[in-house]
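Structure first, commentary second.
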Amino acid sequence: MVVFGGDEVSALVFDIGSRLTKVGYAGEDSPKGVFSSFVGHVHTDSGNKEASLTPMDVDVDSTSDKQASQPSKSQPKKKYLVGDSQIYKWRENFHVKTPLEDGVVSDWDALEAIFDHTYSTVLCADSTEHPLMFCESSWNPREKREKLCELAFEKYNVPGFYLGRSAVLSAFAAGKSSALVVDSGSSSTSVVPVHDGYVLKKGIQRAPLGGDFVSEQIKLHLESIGINLIPQYLVESKMAVVSGTPANFVAANRPNTTPSYHDFGMECLLQEFKETILQVSETQFDEKVLKRRPPKNFEFPNGFNRSFGVDRFRCVEGLFQPGYVIKNPNAMSTETNTATIPQLIHSSIGECDNDLRSNFYNSVVLTGANTLLPGFADRLYSELHHGVPEVRIKVHAAGGSTERKFGPWIGGSIMASLGSFHQLWISKEQYEEMGSSVEKRIH
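Position 257 (the sequence shown) corresponds to 257 in the UniProt record's numbering; numbering is contiguous.
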């Protein structure tokens, strides 16, 4: 039996999120590679037949024959373009997508494309020489875990494999074996209680209150005040204009742009606005108070620019108060998810044993890019303290953006580099003996 332990392991850690993929070597402080989780493929107008791609366009088939995927018998395997230099480049009939839905793999070909790109281009590593820790959502179903084991051992021939629950790894990155992990990422916010290194599944709470929700709130608000949103790929050139005056730009000719690529371009615009302008009110939204805060100016891709005051607080308030959720007037359904992040936390802790509840309120760990919004941690503390004033509240929010943005990856990096972790790896021999059901060994 092969045993992995200590510095000689040289394990790799993969954390593939809905928006960003983080990869690197165990034992390092931060990922070596961070790139978009979106992958793309080009279609002709005649259905699903792929357009011809130049060798420069295709990074995902550069692995060895040993690592090549077996194409489907029913249809040819798509050739995906992966990496920021490929995804951000506009092409006709260019479809983009991520391999995940709700934190769970939904497109295995797209996932393999990210694996191939990581091994061949980002890390330049031989998969057969490095054990792999894969960060998974805390609600990943068994059949998906078995498929990940199969992929790791059958296609990539890794010598060792481990599936790390993201919440456990985030708690570990914060130096805790027990914590209430609040992960607010791109597609959703999850609240997961972790006790002695194990996820308490009955306490898992989730809601679509992530970065995508905030982006939609921004879009609805800007459109309601008459701002025409034009993504970068549709701008050929622009001239500087005075704040608040119409844009002066030349539109780019982009025929046959797919809806998925247009949505991707819009999300890039909204993401920049979010990171530059938005702020969470540290206490409950009070327009009179917030009007005294200094405004911030933002320039859109077409050159139009203006300052934003209370708007930059209002767009994010729906995370904490359902009454401030901006509703889409064109939506088919009038139903609105009224759960807020504080409510998710109270519900999660309420599902746990009585003797654990105060400890969880005293050990709330924040992770995920959405928690980097200025004021997020202070507001969450304020809401929790207001909800349960008799309980001591402590919100752990790492000061550096790297630690909070890459929490699961950092926890995986630390864990996989420990000498005491060696007995937890699933070895190739164990997989060959037990098959994909060997994942049951991983809690």
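Glycine included, every Cβ here is placed at the ideal spot set by N, Cα and C. Please read all numbers here as calculations on a predicted model, not as lab measurements.
Query: Would the region 171–178 count as touching the region 136–153 if we require 3 or more Cβ pairs under 8 Å?; Result: no
Query: Classify Ser427: buried if its beta carbon has 16 or more other beta carbons within 10 angstroms, exposed otherwise.; Result: buried
Query: Leaving out five residues on either side along the sequence, give the residues of the same chain with a beta carbon under 6 Å from the beta carbon of Ser72.; Result: Confidence is the limiting factor: at Ser72 the pLDDT is only 40, short of 50, which leaves the residue's position unreliable and the question unanswerable from this model.
Query: Per the contact definition of three or more C-beta pairs closer than 8 Å, is the region 238–257 in contact with the region 319–326?; Result: no
Query: Between Asn302 and Ile230, is the Cβ-Cβ spacing less than 7 Å?; Result: yes
Query: DSSP on Ser30, reduced to helix/strand/coil?; Result: coil
Query: Is Arg306 helix, strand or coil when you go by DSSP?; Result: strand
Query: When the Cα atoms are used, what is the spatial distance from Asn399 to Glu432?; Result: Note that residue 399 corresponds to Gly in the displayed sequence, not to Asn. Going from the Cα of Gly399 to the Cα of Glu432 covers about 44 Å.
Query: Using the three-state DSSP reduction, which class does Glu143 fall into: helix, strand or coil?; Result: helix
Query: For Phe94, I'd like the list of residues in its chain whose CB is within less than 7 Å of its CB, leaving aside the five on either flank, ordered along the chain.; Result: Gly40, Val42, Thr258 and Tyr261
Query: When you compare only the Cα positions, how much space is there between Phe304 and Ala247?; Result: 5 Å
Query: Could you tell me the alpha carbon to alpha carbon distance between Met280 and Glu129, rounded to whole angstroms?; Result: The identity of residue 280 in the sequence shown is Val, whereas the question assumes Met. Going from the Cα of Val280 to the Cα of Glu129 covers about 46 Å.
Query: How would you call Pro208, buried or exposed, if buried means at least 16 neighbouring beta carbons within 10 angstroms?; Result: exposed
Query: Which value, in whole angstroms, describes the spacing of the CA atoms of Asn297 and Thr340?; Result: 29 Å
Query: Is the Cβ-Cβ distance between Ser37 and Leu20 less than 7 Å?; Result: yes
Query: With a CB to CB cut of under 8 Å and the five nearest residues on each side skipped, what residues in its chain are close to Ile393?; Result: Tyr361, Asn362, Val364, Tyr381, Leu384 and His385
Query: Please give me, in chain order, every unbroken run of the beta strand (DSSP E) with length at least 3 that falls completely inside the region 206–250.; Result: 235–239
Query: Considering only residues of the region 154–181, which uninterrupted alpha helix (DSSP H) runs meet the minimum length of 4 residues and lie entirely inside it, listed in chain order?; Result: 166–173
Query: If you drop the 5 nearest sequence neighbours on each side, which residues of the same chain put their C-beta closer than 6 Å to that of Lys32?; Result: Gly24
Query: Is Asp109 helix, strand or coil by DSSP?; Result: helix
Query: Which word fits Lys89, buried or exposed, when buried means at least 16 other C-beta atoms lie within 10 angstroms of its C-beta?; Result: exposed
Query: Cα separation between Val316 and Lys219?; Result: 12 Å
Query: Judging by CA-CA distance, which residue of Pro99, Ile326 and Gly83 is the nearest neighbour of Ser120?; Result: Gly83
Query: Find the nearest neighbour of Ser307 within the set Asp286, Leu222, Phe264 and Ala251, judged by alpha-carbon distance.; Result: Leu222
Query: Assign Pro131 to one of two classes, buried (16 or more other C-beta atoms within 10 Å of its C-beta) or exposed (fewer than that).; Result: buried
Query: Let me check one thing: in DSSP terms, what residues is Leu81 bridge-paired to?; Result: Gly40
Query: What is the rounded straight-line gap between the Cα of residue 483 and the Cα of Pro374?; Result: Missing from the structure shown is residue 483; the chain here goes from 1 to 443 and no further.
Query: In terms of alpha-carbon separation, which member of Asp116, His346, Glu282 and Ile277 lies closest to Ser215?; Result: Ile277
Query: Might you give, ordered along the chain, the residues of its own chain that have their beta carbon closer than 6 Å to the beta carbon of Gly160, omitting 5 neighbours on each side?; Result: Phe4, Pro131, Trp425 and Ser427
Query: With a threshold of 16 other CB atoms inside 10 Å of the CB of Gly211, please say whether the residue is buried or exposed.; Result: buried
Query: Just to confirm my understanding: we take Leu111, look at its own chain, exclude 5 residues before and 5 after, and list those with CB closer than 6 Å. What are they?; Result: Pro99 and Val105
Query: Where DSSP assigns a beta bridge to Asn297, which residues make up the other side?; Result: Ser307
Query: Which first and last residues belong to the beta strand (DSSP E) in which Gly24 is found?; Result: Leu20 to Tyr25
Query: Give a yes or no on whether the C-beta atoms belonging to Leu344 and Gln205 are separated by under 7 Å.; Result: yes
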